[in-house]
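Sequence positions in the first sequence follow my numbering and run 18 to 527.
Yeah, the Cβ is synthetic: ideal placement off N, Cα and C, and Gly gets one too.
As structure tokens, the structure follows; a few thoughts come after it.
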Amino acid sequence: MGVTGGLLKILPNAAAFRKVDLRSFKNGIQHSTTTKEPTPLRIGVDICVWMVSADRAFGSQLGDERHFSNHGRAELLNAGETEESERERLERDLNYVNCCTEYIIRRLNALREETNVEILVVFDGATPPGKQTEVTDRRNRQAVYEQQRDEPVDTTGSREAEERRIKALRKAGASRHYAGVYTAVMEALRKERIPFLVAPYESDGQLAFLSMKKYIDLIVTEDSDLICYGASPILFKLKDSPMLEGIFEGILVCKEDLAANQGSVNLLDFSPGMLTVLFVAVGSDYSPKLDGIGIVTACKIVRKAFLSGHEDRLAMVFEGLFAAARKLSLTEEDKKVYKKKFMEALLAYRHPVIFDPVEKRCRLHGITHDGEVSETEAELLTHVPYAELVNDVKRRERITGCIQPPSLSILIAEGYVCPRTRRTRKNMTIPRNVKADLIQLGIWKDFNNPNGAETENERHDSSNSSNQVSGIKRKSLRDPRLKPCDEDSSTDSGDFLYSQPFSTRPPTNG
DNA sequence: CGTGTGAATACAT
DNA sequence: TATTCACACG
């Protein structure tokens with residue numbers, strides 16, 4: 018996940034943020050000046066955070082409830098080895114998955130009903146190889162939590178130990194059942210006719226792509242990395258508590274907001290490439306940061322490097338950063354490593370692997386299938402080592418991941434194939450036409466019915482698959498509303514302000 | 001002045 | 001547990 022303080026790092030002046038209530042879009046938006054009829058606001062929801070949220074809400078179920086009360090703890094100690102039965106455990110796990118799923122569906126439906134928006138849910142896919150090291154660390158931490166969760170009840174009954182345990186429980190949460198929640202949510206989405214899409218890799222890049230192609234009008238996420246991808250507009254911090262008023266309020270961030278509010282940090286004249294460089298410089302998921310480089314310093318360095326007419330801007334950026342950094346023990350080797358990581362991060366943000374729902378295949382953002390790189394990247398490609406990285410398919414794939422053939426990509430996007438393992442998902446109803454595709458790809462595996470006979474259930478579902486599966490195929494991938502709305506969607510030339518769809522923007526409060 | 005730190009607070013569960 | 005504040009360092 019993104020740098021949480023990142024939003025504030027970039028935009029320290031919170032007052033300048035626009036608080037927006039999605040209900041004010043009930044009547045749709047004026048999509049372009051040529052279209053008269055307002056159309057529903059199309060939002061892409063980064064569902065990952067909602068899953069985490071569900072996890073937080075129900076994760077404690079995974080532990081024995083008795084651990085939470087003194088009475089229960091005593092009971093456990095007296096009973097000695099009161100291992101819950103297998104049956105009990107399964108029931109509890111199932112209940113957990115159901116709770117999480119219901120939680121998410123409830124929110125999405127509430128959102129849909131109250132705001133009349135069109136929702137496209139976007140799931141995270143595989144972790145890009147370039148980020149793998151981070152994730153490995155995260156997994157180690159996760160393992161520690163799980164270990165703490167599963168360790169026997171502290172016989173001393175010390176409060177600290179118990180609190181630690183509960184905390185660990187919360188954090189470990191669904192990890193073990195995450196796949197279960199994933200498939201359950203996807204099944205539920207099909208049932209509810211809510212379009213969704215599984216990104217080949219990170220949802221950030223996918224959402225940014227959808228946004229830039231104008232397949233969606235607004236991104237709903239918690240991840241400030243989206244800014245780094247050059248996406249706009251973005252709605253952060255959408256309240257997710259069903260009890261409170263203001264569930265549909267969030268903080269809207271458009272490109273203009275990056276410009277206006279702060280004296281020393283004015284990003285108005287920043288190209289998308291510069292913005293990415295800036296984000297990488299202040300620290301990202303993909304690369305470490307230099308000590309002493311904050312938003313202000315980085316901003317100055319990037320501006321100077323890009324706007325002072327120097328050919329090799331990236332080299333200038335590096336120079337500036339190294340000069341400004343508190344150079345305690347910055348050896349040549351350190352610099353070399355830093356530059357390498359920096360460029361890898363840059364590649365990851367500028368050219369993520371995405372699924373194009375109109376072309377119906379994966380590709381690198383900003384790079385055509387013929388390997389032609391977008392004009393917007395010219396200012397970065399003048400740095401030879403970076404250009405080499407971008408143009409070297411093998412090295413590139415080691416960062417961004419591979420581009421799967423369309424047949425497989427579609428099945429991944431539709432949720433039938435796990436993007437990480439590239440195998441059929443367990444516990445998922447597979448319609449007949451999808452099954453045929455899976456067989457053809459040689460990755461079909463019938464988890465529920467090993468002898469291969471068609472069940473009543475399956476028959477039922479395939480008969481209606483033209484509507485249902487294609488819940489995703491029809492509703493989101495083939496939905497005409499997902500076509501680019503303007504012919505100017507190809508004008509990628511640095512303009513990602515996206516002010517057009519928000520011509521009916523509600524009055525700002527605050 | 002900007003950055004990095006830890007402590008205090010408000011918040012939600 | 002996340003955000004905000006106050007302070008020290010360069």
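Asked, Found
"DSSP three-state assignment for Leu307, whether helix, strand or coil", "coil"
"Neighbourhood of Lys256 by C-beta, 8 angstroms cutoff - its chain only, sequence neighbours within 5 removed", "Gly263, Ile264, Phe265, Glu266, Gly267"
"Supposed close pair Ile236, Leu243 - CB separation, criterion 8 angstroms", "6 angstroms"
"Delimiting residues of the alpha helix (DSSP H) encompassing Lys452", "449-458"
"Where Lys230 sits in the DSSP three-state scheme", "coil"
"Reference Glu130; option with closest CA among Glu376, Asn44, Gly388", "Asn44"
"Proximity winner among Cys117, Leu275, Val114, Leu128, relative to Ser41 (alpha-carbon distances)", "Leu128"
"Local Cβ density within 10 Å of Ala453, reported as buried at 16 or more and exposed below that", "exposed"
"Val37 versus Asn133: straight-line alpha-carbon distance, rounded", "15 angstroms"
"Euclidean distance between Cα positions of Gly309 and Arg413", "30 angstroms"
"Beta-carbon proximity check, Arg320 vs Thr399, cutoff 8 angstroms", "no"
"Asp221 (DSSP reduced to helix, strand or coil)", "helix"
"Boundaries (first-last residue) of the beta strand (DSSP E) holding Lys36", "35-38"
"Beta-carbon spacing of Val294, Val354 below 8 angstroms", "no"
"Inter-residue spacing [alpha-carbon to alpha-carbon] between Thr118 and Arg343", "48 angstroms"
"Option nearest Ala404 by Cα separation, candidates Asp141, Val375, Asp373, Arg367", "Arg367"
"Simplified DSSP state of Leu338, which is helix, strand or coil", "helix"
"Local conformation of Ile427 per DSSP, three classes", "helix"
"Cβ neighbour criterion (16 or more within 10 Å) applied to Leu58", "buried"
"CA nearest to the CA of Gln223, picked from Leu338, Thr385, Ala322, Arg380", "Arg380"
"Sub-8 angstroms separation of Ala365 and Tyr303 beta-carbons", "yes"
"Coarse secondary structure for Arg380, derived from DSSP in three states", "strand"
"Reference Ile447, options Glu394, Glu328, Thr200, Glu273, closest by Cα", "Thr200"
"Whole-angstrom distance between Cys435 and Lys443, CA atom to CA atom", "9 angstroms"
"Ala71 classed as buried or exposed, judged by whether at least 16 other C-beta atoms fall within 10 angstroms", "buried"
"Cβ-based neighbour list, Pro423, same chain, cut-off 7 angstroms, excluding 5 preceding and 5 following", "Lys377, Arg378"
"Nearest-angstrom Cα separation, counted from Asp387 out to Thr56", "35 angstroms"
"Arg207 versus Met68 - alpha carbon distance", "17 angstroms"
"Buried versus exposed, by CB contacts within 10 Å (16 or more), Thr441", "buried"
"Helix, strand or coil at Arg210 according to DSSP, with G and I counted as helix", "coil"
"Close beta carbons around Trp461, own chain, < 7 angstroms, minus the five adjacent residues each side", "Thr441, Lys452, Leu455"
"For Phe75 and Asn112, the rounded distance between their alpha carbons", "10 angstroms"
"Boundaries of the beta strand (DSSP E) in which Glu266 is found, first to last residue", "266-270"
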